[in-house]
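**Q**
2 protein chains.
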Amino acid sequence: MAEHTYAVIMAGGGGTRLWPVSRKETPKQLLPLLGEETLFQSTVSRLEALFPPERILVVTVAEQASVMQEQVPAIPPENYLIEPAPRGTASVVALAAAVLKRRDPQAVMAIQTADHHILNKDLFNYLISTAIAVAEKKYLVTLGITPTFPSTGYGYIQQGDSLGGDYKYPVYTVKSFKEKPDEATAQLLLQSGDHSWNSGMFVWRVDTILAEIERQMPDLFNSVNEIATAWETPERNEVLRSRWNGLKSQTIDYGIMEKAERVAVLPAGGLGWSDVGSWDSLFEVLLPDMNGNVATNKQYHLALDTHNTLVYSATDERLVVTIGLDDMVVVDAGDVLMICKTDQSQRVRDVVEHLKKHKQEKYL
Amino acid sequence: MAEHTYAVIMAGGGGTRLWPVSRKETPKQLLPLLGEETLFQSTVSRLEALFPPERILVVTVAEQASVMQEQVPAIPPENYLIEPAPRGTASVVALAAAVLKRRDPQAVMAIQTADHHILNKDLFNYLISTAIAVAEKKYLVTLGITPTFPSTGYGYIQQGDSLGGDYKYPVYTVKSFKEKPDEATAQLLLQSGDHSWNSGMFVWRVDTILAEIERQMPDLFNSVNEIATAWETPERNEVLRSRWNGLKSQTIDYGIMEKAERVAVLPAGGLGWSDVGSWDSLFEVLLPDMNGNVATNKQYHLALDTHNTLVYSATDERLVVTIGLDDMVVVDAGDVLMICKTDQSQRVRDVVEHLKKHKQEKYL
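If you read the sequences in order, they're chains C and E. Each residue of the first sequence is one higher than the last, beginning at 73 in my numbering. Each residue of the second sequence is one higher than the last, beginning at 73 in my numbering.
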């Protein structure tokens with residue numbers, strides 16, 4: 073079976089949630105945020121234990137594809153599927169499934185995002201292996217993340233009964249998908265014990281997901297089939313462009329998963345998963361010293377009476393001295409210096425909005 | 073009388089108390105810490121209301137003299153007295169007095185330091201005029217600063233009886249000079265009501281101070297007289313160097329003032345005086361916005377939920393974003409970034425010591 077398994081990395085996103093380090097032109101998956109490797113490189117490394125590079129596909133935009141090919145030369149060029157424009161994750165999944173089905177009708181695909189971080193790689197492999205086994209039984213499998221706080225930033229998956237079967241990891245049917253809740257609801261979902269965060273990681277056979285797409289989004293199904301038919305012909309770009317532009321933008325969760333049949337969930341605790349969506353969540357997955365501090369450029373950080381502080385430094389020889397700091401994030405990023413109380417790091421969004429509004433795009 | 077009054081600016085000091093902006097090579101008097109002018113330039117501007125540039129003398133070291141001449145071209149080159157090496161303020165005062173006495177035996181000299189800040193220039197002029205009138209009566213006059221907190225960083229002057237006389241400002245005899253106190257003593261001195269900080273500003277006739285020097289430090293008296301005799305001859309440098317090197321280093325306070333006769337003090341409140349000896353004392357003399365913030369580069373500071381914070385920026389187009397900061401000093405100085413809780417800004421000394429000890433002199 074293993075030779076029919078593929079990983080599909082979704083890597084189209086831009087975004088400035090980790091501004092001022094991530095910028096319009098350099099989204100966070102292309103940056104070495106957590107060490108030597110970029111998030112994209114770590115994503116590939118993590119997958120390589122299960123998938124050889126020739127069975128890893130990447131769906132991205134043209135501007136990012138060339139940088140990615142430099143960062144991970146092992147993935148063959150034909151495995152990069154280029155989106156002409158963003159049309160949501162439903163379109164990405166459908167395109168990848170349709171193209172893959174023509175290459176290998178028995179393919180099982182594991183959908184990953186390029187810009188998440190996972191600490192526990194062994195558990196990850198264990199989960200993906202189990203998810204592949206479940207997907208073989210024509211289930212749409214989602215990886216859930218056991219919530220650690222009442223987040224309003226993620227969708228939730230409610231688990232139902234155990235799926236039974238002889239799997240290496242507990243698997244449940246899915247009772248419902250829930251969109252990002254308000255705070256009170258998030259608190260209830262956290263306490264319920266049967267809800268996981270929707271991580272955006274899915275595993276399924278290409279024929280299973282395409283059947284669901286045909287049932288729920290027939291226009292999308294027809295478009296990606298036409299594109300896939302033209303894929304290995306000289307008409308590929310023309311067909312791709314014309315059909316893709318006609319698609320409406322839709323997420324896989326809302327467009328497919330919420331009303332899908334035969335959905336299963338593997339709720340994972342202890343994965344050390346983070347979507348690295350803000351400075352405080354980045355901070356959580358870094359290993360602090362005995363004072364709770366993290367410095368990306370340790371030999372250039374001089375800390376006096378400083379605790380629980382992240383010093384993220386993009387400049388090599390610049391000395392950063394902190395005296396009397398608690399619970400702060402310091403980001404020294406070339407033309408921008410940001411100093412932020414950790415629990416206010418979500419307000420980076422406000423700063424980005426402010427800069428847009430005041431025509432200071434050069435900092436974005 | 074006015075044509076016999078001179079200002080003598082002592083400007084020899086180096087120092088890193090405002091590190092990382094002030095460095096070994098660029099002491100704080102040469103830096104525009106508080107606006108467009110450097111502290112040295114402000115010192116001269118402040119004095120110019122009473123002293124024309126040809127009656128302002130500067131005692132400094134060779135390395136600083138050329139920068140000062142560029143900063144204030146109005147002061148004639150012959151008014152720069154160059155110390156071959158640091159020998160304390162007693163030596164500086166004695167040299168200036170001896171040289172000046174040969175130029176003008178009736179001279180009254182007002183000793184100033186180049187690196188202090190005074191907000192209330194009108195009151196300053198008022199005090200100096202009064203001090204000159206008192207000095208004419210052969211008093212050694214000191215300007216005291218009414219304490220605003222129990223500082224352990226300054227010496228104190230205890231006032232005695234009113235001097236009487238028809239002066240424009242109250243003048244007192246001096247009962248005693250006290251060296252830098254410990255905290256408990258500083259508290260008592262603050263509460264006493266009859267103690268001022270020793271500001272290092274003095275006014276006296278050159279013959280009065282030279283007579284005191286002759287009485288208390290005869291070696292110094294003889295040396296500076298020999299230097300002054302050679303001053304306008306080709307032997308100046310040779311005599312200066314040989315006599316100066318033989319001097320022992322001594323402060324004017326300890327060497328002369330503590331045991332001097334006929335000492336008077338003008339205790340000044342409301343002068344807005346600061347020795348700008350640390351980041352928090354610099355902060356005190358800057359005008360904050362409605363949130364208590366000061367940014368030296370206002371249009372490049374974006375502040376969200378930030379209060380009582382100083383952003384001192386040496387880089388022009390670098391955007392500094394602060395989110396959720398209270399009572400902080402941020403100093404963005406080229407190769408060093410320092411972020412410091414304001415009430416811990418004295419610990420800059422520890423940082424400087426650390427850098428010396430760890431052979432990181434390039435940052436000093």
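For glycine and all other residues, C-beta sits at the position ideal for the given N, C-alpha and C. Note that the structure is predicted; figures quoted are calculated from it, not measured.
Give the list of continuous alpha helix (DSSP H) stretches no shorter than 4 residues that lie fully inside the segment 93-170 of chain C.
**A** 111-120 and 134-143
**Q** From the DSSP output, in three-state form, read off tryptophan 303 of chain C for me.
**A** Tryptophan 303 of chain C carries a coil assignment under DSSP once its states are collapsed to helix, strand and coil.
**Q** Taking asparagine 380 of chain E as the reference, give the member of E/Glu97, E/Arg421 and E/Pro360 with the closest Cα.
**A** E/Pro360
**Q** Using the Cβ count rule (16 or more neighbours within 10 Å means buried), how would you classify glycine 84 of chain C?
**A** It counts as buried.
**Q** Return yes when the C-beta of isoleucine 217 of chain E is under 7 Å from any heavy atom of the ligand ZN, and no when it is not.
**A** In terms of ligand content, the structure shown is empty, and the ligand ZN therefore cannot be addressed.
**Q** When the cut-off is 8 Å and only beta carbons count, does valine 393 of chain C lie next to chain E?
**A** yes
**Q** By the criterion of Cβ-Cβ separation under 8 Å, what are the contact partners of aspartate 388 of chain E in chain C?
**A** What aspartate 388 of chain E touches in chain C: nothing, since even the nearest Cβ is about 11 Å away.
**Q** Using a Cβ-Cβ distance cut-off of 8 Å, determine whether aspartate 352 of chain C contacts chain E.
**A** no
**Q** Quick check: the Cα distance between alanine 168 of chain E and arginine 421 of chain E, rounded to an integer number of angstroms?
**A** 32 Å
**Q** Can you round the beta-carbon distance between asparagine 270 of chain C and aspartate 325 of chain C to whole angstroms, since I take them to be within the 8 Å contact cut?
**A** About 6 Å separates the CB atoms of asparagine 270 of chain C and aspartate 325 of chain C; that is less than 8 Å, so the two are in contact.
**Q** Under 8 Å by Cβ, that's how I've got serine 295 of chain C and arginine 313 of chain C pegged, so tell me the actual separation to the nearest angstrom.
**A** Rounded, the Cβ-Cβ distance is 12 Å, inconsistent with contact.
**Q** At what residue ranges does the segment 179-234 of chain E contain a whole run of the beta strand (DSSP E), taking only runs of 3 or more?
**A** 180-185, 212-217 and 228-234
**Q** If the cut-off is 8 Å on Cβ atoms, which residues from the segment 376-387 of chain C count as contacting chain E, listed in chain order?
**A** Leu376 and Asp377
**Q** Could you tell me how far apart the beta carbons of alanine 336 of chain E and tyrosine 244 of chain E are, in whole angstroms, since I believe they sit closer than 8 Å?
**A** In this structure alanine 336 of chain E is in contact with tyrosine 244 of chain E, their Cβ atoms being roughly 7 Å apart against a cut-off of 8 Å.
**Q** I want to verify the contact list: residues of chain C whose CB lies under 7 Å from the CB of glycine 396 of chain E, in sequence order.
**A** Residues of chain C passing the Cβ test: Cys412, Lys413 and Gln416.
**Q** Rounded to a whole number of angstroms, what is the C-alpha to C-alpha distance between asparagine 192 of chain E and leucine 119 of chain E?
**A** 12 Å
**Q** Valine 335 of chain E by DSSP, collapsed to three states: which one?
**A** Looking at valine 335 of chain E - three-state DSSP - the assignment turns out to be strand.
**Q** Less than 8 Å between CB atoms is the rule here; does valine 93 of chain E satisfy it with respect to chain C?
**A** no
**Q** Could one say the Cβ of leucine 90 of chain C lies closer than 8 Å to chain E's Cβ atoms, at least one of them?
**A** no
**Q** If you drop the 5 nearest sequence neighbours on each side, which residues of the same chain put their C-beta closer than 6 Å to that of asparagine 369 of chain E?
**A** Ser385
**Q** Answer with yes or no whether the minimum CB distance from tyrosine 22 of chain C to chain E is below 8 Å.
**A** Residue 22 of chain C is absent from the structure shown; chain C starts at 73 and stops at 436.
**Q** Mapping the DSSP letters down to three states, classify isoleucine 411 of chain E as helix, strand or coil.
**A** strand
**Q** Whole-angstrom Cβ separation of alanine 166 of chain E and leucine 292 of chain E, contact assumed at under 8 Å?
**A** 5 Å
**Q** Under the DSSP definition of a beta bridge, which residues are partnered with aspartate 398 of chain E?
**A** E/His379
**Q** Spell out the partners DSSP gives valine 366 of chain C in its beta bridges.
**A** C/Leu382
**Q** Is the distance from the Cβ of tyrosine 228 of chain C to the Cβ of histidine 267 of chain C below 8 Å?
**A** yes
**Q** Tell me which residue opens and which closes the alpha helix (DSSP H) that valine 357 of chain C is part of.
**A** Per DSSP, valine 357 of chain C belongs to no alpha helix (DSSP H) and is neither H nor E.
**Q** I need the boundaries of the alpha helix (DSSP H) containing tyrosine 326 of chain C, first residue and last residue.
**A** 324-327
**Q** With 7 Å as the C-beta to C-beta threshold (strictly closer), list the residues of the segment 261-275 of chain E near chain C in chain order.
**A** none
**Q** Express the C-alpha separation of aspartate 377 of chain C and glutamine 416 of chain E in angstroms, rounding to a whole number.
**A** 9 Å
**Q** Please tell me whether phenylalanine 438 of chain E and alanine 186 of chain E are closer than 8 Å, where the distance is taken between their beta carbons.
**A** As displayed, chain E neither begins before 73 nor continues past 436, which places residue 438 of chain E out of reach and without an answer.
**Q** Can you name the residues of chain E whose CB is closer than 7 Å to the CB of arginine 421 of chain C?
**A** Within 7 Å Cβ-Cβ: nothing; arginine 421 of chain C doesn't reach chain E, min ~11 Å.
**Q** Output, in sequence order along the chain, the residues in the segment 176-193 of chain C whose CB is closer than 8 Å to any CB in chain E.
**A** none
**Q** List the residues that DSSP assigns as beta-bridge partners of asparagine 270 of chain C.
**A** Beta-bridge pairing links asparagine 270 of chain C to C/Gly216.
**Q** Could you compute how far the alpha carbon of valine 164 of chain C sits from the alpha carbon of leucine 374 of chain C?
**A** When rounded, the distance between both Cα atoms is 46 Å.
**Q** Report back the beta-carbon spacing between leucine 106 of chain C and serine 94 of chain C to the nearest angstrom; my notes put them in contact at under 8 Å.
**A** So it is not a contact: roughly 13 Å between Cβ atoms.
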